[in-house]
Amino acid sequence: MKFFISTPLGFENTALLEMKEVWPYLLGKDAKTHALSFPEVEVMMGGLEFETELFQALQLNFFLKTANRLLLRMTSFKTKDLPKFYQKFKSLPWKEYLQHGNVEWEVAAQKSRLNNEKRLQESAEKALSEIFAGQTGETPCASIYIRMDDDLCTISLDATGEHLHKRGWSILKGEAPMRETIAAELLREMIGEATPGEVAGATLCDPMMGSGTFLTEARALWSGQFQRDFAFKQWKKCPKLFLSPSFAFNYEIPARAPFKALLGMDINPEMPNITEKNFAEVESQLKAYQRDQFKPQDHKFWAQNSLEAPQGTDTLSPIGKAPQALWMVVNPPYGERLPVAGKGGLKALAAELCRLYKPQKLGILYPEKDKVDPAPNGYKIEKEIKINNGGIRCLFTILTPL
Ligand SMILES: C[S@@+](CC[C@H](N)C(=O)[O-])C[C@H]1O[C@@H](n2cnc3c(N)ncnc32)[C@H](O)[C@@H]1O
Numbered sequence: 028m029k030f031f032i033s034t035p036l037g038f039e040n041t042a043l044l045e046m047k048e049v050w051p052y053l054l055g056k057d058a059k060t061h062a063l064s065f066p067e068v069e070v071m072m073g074g075l076e077f078e079t080e081l082f083q084a085l086q087l088n089f090f091l092k093t094a095n096r097l098l099l100r101m102t103s104f105k106t107k108d109l110p111k112f113y114q115k116f117k118s119l120p121w122k123e124y125l126q127h128g129n130v131e132w133e134v135a136a137q138k139s140r141l142n143n144e145k146r147l148q149e150s151a152e153k154a155l156s157e158i159f160a161g162q163t164g165e166t167p168c169a170s171i172y173i174r175m176d177d178d179l180c181t182i183s184l185d186a187t188g189e190h191l192h193k194r195g196w197s198i199l200k201g202e203a204p205m206r207e208t209i210a211a212e213l214l215r216e217m218i219g220e221a222t223p224g225e226v227a228g229a230t231l232c233d234p235m236m237g238s239g240t241f242l243t244e245a246r247a248l249w250s251g252q253f254q255r256d257f258a259f260k261q262w263k264k265c266p267k268l269f270l271s272p273s274f275a276f277n278y279e280i281p282a283r284a285p286f287k288a289l290l291g292m293d294i295n296p297e298m299p300n301i302t303e304k305n306f307a308e309v310e311s312q313l314k315a316y317q318r319d320q321f322k323p324q325d326h327k328f329w330a331q332n333s334l335e336a337p338q339g340t341d342t343l344s345p346i347g348k349a350p351q352a353l354w355m356v357v358n359p360p361y362g363e364r365l366p367v368a369g370k371g372g373l374k375a376l377a378a379e380l381c382r383l384y385k386p387q388k389l390g391i392l393y394p395e396k397d398k399v400d401p402a403p404n405g406y407k408i409e410k411e412i413k414i415n416n417g418g419i420r421c422l423f424t425i426l427t428p429l
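Sequential numbering of the sequence shown, starting at 28, is according to my numbering.
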């Protein structure tokens, strides 16, 4: 069967890396680690296309942190003609998947003779209501995606449901929270070529943590999410194993805390509590399936203006002296609210953080127009990545000591 994993633009290769990393640990139908070989994957703009077994593909929902969703490709064919579209749509095995004929539609058409999205949807609705002879549930049981591009029609069934950035553990949000998919991508960019040992020796600190998205993502970067719902669980064809509350115990993935410790500060005194609650939820979900292997993550979140280090030598006050292998990652507010010491806006922020904490790595996300240039004293720009953060063109710059 054919699948498509959609990703934000530019995240395709990280999603592929995640898929490769988790593949050896997926389960087979006997609930034991499988032996299916890794599929050939076509990396396209905005996603990955590949063929594999349904049973394995569905499990990617539990593990991919940089993907948006998983679609099952039902078919694709060339057409310029509505009756042909209707016939093809009607011939698909909807009864094997759907409980009834009430579904949600995502229809998009461009550069095609059949470019009227409303008519395409009406035609597909008619076919579905005939297949199900008017059986409709009260709420939609699935989402069907119809794409018409250059007269090529692709019909897919969504296996994910709510967007994958909804992890099911970051419950409380501060102001301007970032998407979990972006946080995961940026953390992966920071990790880059570093060995697992180097990462495990590093302490990660977010000096403007808000509700702690970077920190919760860092905690769970290599762990599964099993407690949120996924659309495929409503399919008639959903493998029974995934409906059992304890199926996640079968995974033999080593429980891994990527970083040695996680630290977070925020000038807003409400944020440490919020982050602590989100973090506790991640910890409790990981513990529920890692069981004996689970080790609590060393962490500390506190209220502080991170640009005003307390007097004396101890810059990370509750911790004492800043750890040697300190990595910092920051998503500052992009506006007037940021009380940067001295003039220079966000440019001064990178320099201040380097001066105060001397991190081994600093990853900073900010609008492209405020580019960090030149690098702060004693640092060089190791990487610069373009990111669309909620419609704002941003850069993620990684600085390392010279
Ligand atoms: C864009 S939000 C961070 C959002 C966070 N990444 C999340 O996903 O929830 C920026 C945060 O920086 C905090 N902040 C602003 N100036 C600060 C400073 N000087 N020291 C510490 N925190 C600061 C704000 O209170 C806000 O929570």
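The C-beta atom is built at its ideal place from N, Cα and C for all residues, glycine as well.
Quantities reported herein were computed from a predicted structural model and do not represent experimental measurements.
When distances are taken from the beta-carbon of M217 to the heavy atoms of ligand 1, even the shortest one reaches 6 Å or more. In this chain, the beta strand (DSSP E) harbouring S33 covers 29-33. For the pair S156 and K267, the Cα-to-Cα distance works out to about 27 Å.
Within 6 Å of the C-beta of T240 there is at least one heavy atom belonging to ligand 1. Counted as a single uninterrupted DSSP element, the alpha helix (DSSP H) harbouring L214 occupies residues 207-218.
Ligand 1 approaches S333 closely enough that one of its heavy atoms is under 6 Å from the residue's Cβ. Distance from the C-beta of P403 to the nearest heavy atom of ligand 1 is not below 6 Å.
Secondary structure within the segment 231-259: the alpha helix (DSSP H) runs of 4 or more consecutive residues, fully enclosed, are 240-247 (chain order). Taking a contact to require three or more Cβ pairs closer than 8 Å, the segment 196-215 and the segment 224-242 qualify as touching. Exposure of M28 is indicated by the presence of fewer than 16 other C-beta atoms within 10 angstroms of its C-beta. T166 and N129 have their alpha carbons spaced roughly 7 Å apart. If you draw a straight line from the Cα of G37 to the Cα of F77, it comes to about 18 Å.
Under the three-state reduction of DSSP, V226 is assigned to helix. Around the beta carbon of M205, 16 or more other beta carbons sit within 10 angstroms, so the residue counts as buried.
Contact annotation: P359 and L334 have beta-carbon atoms that are not nearer than 7 Å.
Taking non-hydrogen atoms of ligand 1 into account, the C-beta of A203 is found less than 6 Å away from one of them. Counting along the chain, V49 sits inside the alpha helix (DSSP H) bounded by residues 39-49.
DSSP places N95 outside both helix and strand once states are collapsed to three, so it counts as coil.
For L289, the enclosing beta strand (DSSP E) begins and ends at 288-293. Under the criterion of beta carbons closer than 8 Å, L214 and R246 do not qualify as touching, at roughly 10 Å. Less than 7 Å separates the beta-carbon of F257 from that of T187. The continuous alpha helix (DSSP H) containing F89 extends over residues 81-90. The three-state reading of DSSP puts W121 in helix, counting H, G and I together. The criterion of a C-beta distance shorter than 7 Å is not satisfied by V356 and W196. Judged by beta-carbon spacing, L270 lies beyond the 7 Å limit of D185, meaning their Cβ atoms are not closer than that value. Here Q137 carries a strand assignment [DSSP, helix/strand/coil].
In this structure the segment 101-115 does not touch the segment 72-89; the number of beta carbon pairs closer than 8 Å is below three. Ranked by Cα distance from L422, the options G405, K396, P428 are led by K396. One Cα belongs to G417, the other to Q317, and the distance between them is close to 34 Å.
The C-alpha of K410 lies about 35 Å from the C-alpha of K314. If you look at M72, you'll find it isn't in any alpha helix (DSSP H); DSSP assigns it neither H nor E. For the options W329, L383, C180, L392, the alpha carbon positioned closest to that of L353 is the one of L383. With the rule of 3 Cβ pairs closer than 8 Å, the segment 92-109 does not count as touching the segment 276-283.
In the same chain as F253, and ignoring 5 residues on each side of it, the C-beta atoms closer than 7 Å to its own belong to F89, A275, Y316, in chain order. Going by DSSP, L389 is part of the beta strand (DSSP E) stretching over 388-394.
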